[in-house]
Every structure is written in structure tokens, then in C-alpha cells.
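Asks: Shown below is the structure under consideration.
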Amino acid sequence: MLKIGIIGAGGWGQNLVRVFSQLPNAQVLSICDSNASRLEFIKSKYHPLKSATDYRELLKDAEIDAVVIATSAASHFPIAKDVLTHNKHVFVEKPLALSSAECETLITMAQGRHLTLMVGHTFLYNPAVRKAKEYLEKKYLGDIYYIYTQRLNLGIVRRDVNAMWNFAPHDISIIMYLLDKLPSAVSARGLSYIQENIEDVVFLNLDFPGGASAHIHISWLDPNKTRKVTIIGSERMIVYDDINSDARIQIYDKGITKKANVSLEEFNSYGQFQLIHRAGDVLIPKVDTTEALQTEAEHFVDCIINKKKPLSDGTNGLAVVKILEAADRSIKAGGTVQQVTWR
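Each residue of the sequence shown is one higher than the last, beginning at 2 in this note's numbering.
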């Protein structure tokens with residue numbers, strides 16, 4: 002039985018406490034939160050054997066094998082570093098850290114100690130995202146032209162990070178997972194309407210080797226809650242709508258094809274080919290209803306027990322942070338394209 006400690010019992014941390022408490026091969030031994038009243042509430046609900054208001058007390062516990070971190074983004078690196086120093090496996094909510102240098106430090110520490118380092122890119126474990134990935138792997142959409150995502154809502158406004166660092170890790174990780182590629186160039190424009198120098202609206206562009214591109218729209222200032230990923234291929238198109246519980250994945254048999262070697266008279270065309278608009282059926286495939294967070298928690302425990310490499314490992318977390326850093330540079334430079342190099 003893997004013994005787990007959880008640091009951070011805020012809104013998302015409580016979800017992590019819930020799913021890890023339900024695992025048959027793991028036990029949430031200790032919960033830590035600096036807010037004493039919140040900690041008491043969580044203790045009354047999940048009854049951990051131990052608790053603390055200082056995470057350093059949790060790390061001293063030799064019984065704990067692994068630690069889950071669900072604290073503010075700025076605290077991820079120092080806490081994760083302390084966890085690894087105490088030779089415990091670690092799961093860190095996104096983003097892994099606030100700089101690529103910090104990410105690299107954590108990766109090196111985990112590798113040197115043969116410890117599992119995993120990042121909470123939850124959508125990689127989402128059944129709908131995985132279903133879309135299946136269709137891409139089968140080339141059902143043809144060649145992928147571009148992807149665009151929308152992650153919009155009215156709030157919740159943060160003060161510690163901008164909207165991009167808050168939400169874009171989800172979309173960046175989804176896009177890299179779907180395309181199985183790393184972008185070569187990044188550009189972004191950010192706007193600060195609510196708070197000075199904290200972007201609440203961001204438009205982010207990624208260019209990938211082979212010609213595919215992606216556009217990410219992030220906003221804390223939108224009238225509707227939107228969580229969509231649209232994938233445009235040469236043969237078909239997919240829309241993943243996380244809000245639509247009845248049809249999270251919709252596959253459109255739509256596209257435009259070129260019909261070559263036809264007479265100009267037949268089509269009254271000025272070119273050597275005719276553009277054929279195709280609009281077929283809409284397929285709504287069945288999607289598993291297993292909670293992504295549950296699958297993610299199971300994967301973390303399985304990777305520790307069976308010494309496997311996590312899907313969202315430290316290297317994956319580093320890639321997301323490198324893209325965010327490039328986007329930050331682009332925003333500061335007025336939207337100019339930033340090249341991204343990979344080892």
C-alpha cells in the first residue's frame with residue numbers, strides 16, 4: 002500500500018484528496034494545509050491518520066512514500082525540491098514550475114534519486130481527448146492543418162499568475178499530445194484590462210514542424226464558459242467540447258477537396274482544378290465517462306509501484322513551461338515570433 006501525503010487542500014487540492022483516497026492500492030496518510038480551518042474541514046471529511054499546517058512536518062514522516070502538491074504556482078518548485086530532497090516521489094499540479102531552469106533542476110533531482118516526477122496535465126487523461134487522439138493516430142482526419150482551442154470564462158481572476166499561466170498549460174499539453182510534436186515557434190499577444198501588468202486575455206500561436214499550427218485563446222473576461230478544442234484535417238474535422246456532456250466529441254465529415262484535370266467549361270472555373278465542398282454526416286462517438294483525475298491518480302501510483310515513466314512526466318512539464326516562457330517573451334516584444342529550441 003503506497004502511503005501518500007497531500008500538500009494543499011484548496012479547491013483543486015480537495016479533488017485530489019478525494020480521488021487518491023478512493024484508490025485501492027494507496028492510502029492518503031497525511032494532509033497538509035496552512036489554513037487551519039480548511040484543514041479541519043478536510044480532516045472531518047476524509048479522516049486522514051495525520052495532518053499538519055507546515056508541509057515540512059509532513060516531509061519528516063518516514064512512512065510517506067509520495068507527495069502530491071496542489072499549492073500556488075510560485076510555491077511548486079521550492080516544495081517539490083524539498084520533497085525530492087527527502088527522497089519521496091512527487092506529483093505537482095500544473096505548471097511544474099515558473100521557469101524552465103527550475104523544471105530542469107527537478108528533473109535532474111528525480112532522475113538522480115530514481116524517483117517519479119509527474120505533472121498534473123489532467124487533460125492527457127481525459128477520455129474525450131484520448132478518443133480524439135485515436136482518430137488522429139488512425140489518420141481519420143487526413144493531414145492535420147491546424148488546431149484552435151478556447152478556454153474562456155468570466156473569472157476566476159488570479160493575482161499570482163496571468164490567464165495564460167493559469168489556463169494555457171491545459172491547451173498546450175493537449176495540442177502537443179494530439180500532434181505528438183513540439184512547436185518550433187511561438188507568438189502571443191496579451192491584454193491587461195482588469196489588473197495592471199497581469200494579462201487576463203491572451204492569444205497564443207504555435208507553429209509545428211510539418212506545417213501544422215495551433216491557436217489558443219485564453220480569457221478571464223468572457224460572457225460564456227467555453228472549453229473547446231477544434232481540429233481541422235484535410236478529410237474531416239473534430240470538435241471536443243468539454244462543456245457538452247451529451248456530445249463531448251463531434252466528428253464532422255466536412256472539407257474542401259481539389260478535383261484536377263477538368264474542363265473549364267464544365268465548372269466555369271478560371272483555374273486548372275475545381276474546389277469541391279463536402280458536407281457529410283456528423284458522428285458522435287461514445288466516450289468513456291471515467292473521471293480524468295481518477296485515471297491520472299491511478300497512473301501516478303502505477304508508475305511508482307511498477308517503475309514506469311509517466312505520460313505527463315517532468316520532461317513534459319518542462320516543454321509546457323518552455324512554451325509559456327517563449328509566449329511571455331513574445332507578449333513583452335509586442336507579439337513577435339519567438340523560436341523554441343529543443344535538445
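Beta carbons are placed, not taken as given, at the ideal position from N, Cα and C, and that holds for glycine.
Just so it is clear, the structure is predicted and the values come from calculations on it, not from any experiment.
Tell me which same chain residues have a C-beta within less than 6 Å of the C-beta of residue 53, skipping the five on either side of it?
Replies: Excluding positions up to five away in sequence, the list reads 33 and 59.
Asks: Taking its Cβ as the centre, do 16 or more other Cβ atoms sit within 10 Å of residue 340, making it buried, or is it exposed?
Replies: exposed
Asks: Leaving out the 5 sequence neighbours to the left and right, which residues in its chain are closer than 7 Å to residue 181 when beta-carbon positions are compared?
Replies: none
Asks: For residue 147, does the three-state DSSP call read helix, strand or coil?
Replies: strand
Asks: In chain order, which continuous runs of the alpha helix (DSSP H) of length 4 or greater are located wholly inside the region 127-202?
Replies: 128-138 and 164-180
Asks: I think residue 189 touches residue 205, with their Cβ atoms under 8 Å apart; what is that distance to the nearest whole Å?
Replies: Indeed they touch by this definition, with Cβ atoms about 4 Å apart.
Asks: Can you give me the start and stop residues for the alpha helix (DSSP H) that residue 295 sits inside?
Replies: 293-306
Asks: Sorted by chain position, which residues of the same chain lie with C-beta nearer than 6 Å to residue 367's C-beta, five sequence neighbours on each side aside?
Replies: Here the chain comprises residues numbered 2 to 344, so residue 367 is not present and cannot be evaluated.
Asks: Can you have a look at residue 95 and say buried or exposed, based on whether 16 or more other CB atoms are within 10 angstroms of its CB?
Replies: By the C-beta density criterion, residue 95 is buried, having at least 16 other C-beta atoms within 10 angstroms.
Asks: What do you get for residue 156, buried or exposed, if any count of 16 or more other CB atoms within 10 angstroms of its CB means buried?
Replies: exposed
Asks: Excluding the 5 residues preceding and the 5 following residue 249 in the sequence, name in chain order all residues of the same chain whose CB lies nearer than 7 Å to its CB.
Replies: 129, 241, 242, 243 and 288
Asks: Closest to residue 97 by C-alpha separation, out of 202, 73 and 116, would be which residue?
Replies: Closest by alpha carbon: 73.
Asks: Candidates 178, 220, 136 and 216: which alpha carbon is nearest residue 195's?
Replies: 220
Asks: Which stretch, first to last residue, makes up the alpha helix (DSSP H) that contains residue 331?
Replies: Annotation for residue 331: the continuous alpha helix (DSSP H) segment containing it runs 315-333.
Asks: Checking 8 Å against the spacing of the C-beta atoms, do residue 197 and residue 165 come in under that value?
Replies: no
Asks: Enumerate in chain order the residues of its own chain whose CB-to-CB distance from residue 24 is below 7 Å, with the five nearest sequence positions on each side excluded.
Replies: The residues are 298, 299 and 302.
Asks: Tell me which same chain residues have a C-beta within less than 8 Å of the C-beta of residue 336, skipping the five on either side of it?
Replies: Cβ within range, chain order: 188, 189 and 190.
Asks: Hey, quick one: how far does the alpha helix (DSSP H) through residue 228 stretch, first residue to last?
Replies: That residue, residue 228, is in no alpha helix (DSSP H); its beta strand (DSSP E) goes 222-234.
Asks: My guess is that residue 67 and residue 92 are in contact by the Cβ rule of under 8 Å, so how many angstroms apart are they, rounded?
Replies: Contact between residue 67 and residue 92 holds, since their C-beta atoms are separated by about 7 Å, short of 8 Å.
Asks: Using alpha carbons as the reference points, say which of 9, 49, 330 and 253 lies closest to residue 57.
Replies: 9
Asks: From which residue to which residue does the alpha helix (DSSP H) around residue 42 run?
Replies: 37-47
Asks: Output the distance between the C-alpha atoms of residue 239 and residue 285, rounded to the nearest integer angstrom.
Replies: The alpha-carbon atoms of residue 239 and residue 285 are separated by roughly 10 Å.
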